[in-house]
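Residue numbers for the sequence shown follow this note's numbering, beginning at 2 and rising by one.
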Amino acid sequence: MKKTTKAAIAAGAAALLLAGGAGTMASWNASTNAGAAQTVTAGSMAVEQTGTGTWTWGTGGTFNPASDKIVPGDVVKYTATYKIDLVGTNLKATLTPSLSGVSGDLASQLTTAASSSTQTVYSAGLNQVATFTTEITFNNTGIDNTGQTKTASLSGGAVTLEQTLS
Numbered sequence: 002m003k004k005t006t007k008a009a010i011a012a013g014a015a016a017l018l019l020a021g022g023a024g025t026m027a028s029w030n031a032s033t034n035a036g037a038a039q040t041v042t043a044g045s046m047a048v049e050q051t052g053t054g055t056w057t058w059g060t061g062g063t064f065n066p067a068s069d070k071i072v073p074g075d076v077v078k079y080t081a082t083y084k085i086d087l088v089g090t091n092l093k094a095t096l097t098p099s100l101s102g103v104s105g106d107l108a109s110q111l112t113t114a115a116s117s118s119t120q121t122v123y124s125a126g127l128n129q130v131a132t133f134t135t136e137i138t139f140n141n142t143g144i145d146n147t148g149q150t151k152t153a154s155l156s157g158g159a160v161t162l163e164q165t166l167s
């Protein structure tokens, strides 16, 4: 036999031996419980306004939503006290204002923000008291008269307690 034929037969035999053993490796395993049976319980969070809030102009002075008229560029503030309950060892949260429930033709021209540039982060605890001010701005939309005599029901405004991830 030629050397090349012998080499080809040897290579073929090696390939058959390798292919025949593929996927037949034995594998053993065992398992056990990871300790005694335990139950975990999720925490909770809640926010509730206490008492009646107050309205003021952004520049100071009492604002009466029922009788005062706002114009583009005006800022009004709503300040209220809230009770916060955070149940969870590592739970932290902040208050965030929202106009998502505000309705009416003027609603699209209003924006909201927390009055303070730094938000307070609340930690786990019950019956925490927070005084929070929401600023509502009537946006200046340019030289058109959009928004004149329009109304918005602010009763849909909200303050949301949002978890701050660590």
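Each residue gets a CB set at the ideal place from its N, CA and C atoms; glycine is no exception.
Need the endpoints of the beta strand (DSSP E) that residue i sits in, please.
i	result
T132	126–139
For the putative contact between residue i and residue j, defined by C-beta atoms under 8 Å, what is the C-beta separation to the nearest angstrom?
i	j	result
T121	L100	Contact doesn't hold; Cβ gap of about 21 Å is too wide.
S104	S32	About 58 Å; that fails the 8 Å criterion.
T132	T82	5 Å
L107	K151	4 Å
N65	Q110	In fact, because the Cβ distance is near 20 Å, the residues do not count as touching under 8 Å.
Run through DSSP, which three-state label would residue i get?
i	result
S116	coil
L155	helix
Determine which residues share a DSSP beta bridge with residue i and list them.
i	result
D86	A47
I104	It should be noted that the sequence gives Ser, not Ile, for residue 104. S154, per the DSSP bridge assignment.
L96	L162
K70	Per DSSP, none; premise fails for K70.
A81	F133
V76	T138
T63	T57
Give a single yes or no on whether residue i has its beta carbon closer than 8 Å to a heavy atom of the ligand HEM.
i	result
T97	Ligands are entirely absent from the displayed structure, and the ligand HEM is therefore not among its contents.
For the 8 Å Cβ check, are there 3 or more pairs between the region 93–100 and the region 53–62?
no
With three or more beta-carbon pairs closer than 8 Å as the criterion, would you say the region 122–136 touches the region 75–82?
yes
Three or more beta-carbon pairs under 8 Å between the region 150–165 and the region 40–56, yes or no?
yes
How do the region 33–49 and the region 80–91 stand: do at least 3 beta-carbon pairs fall below 8 Å, yes or no?
yes
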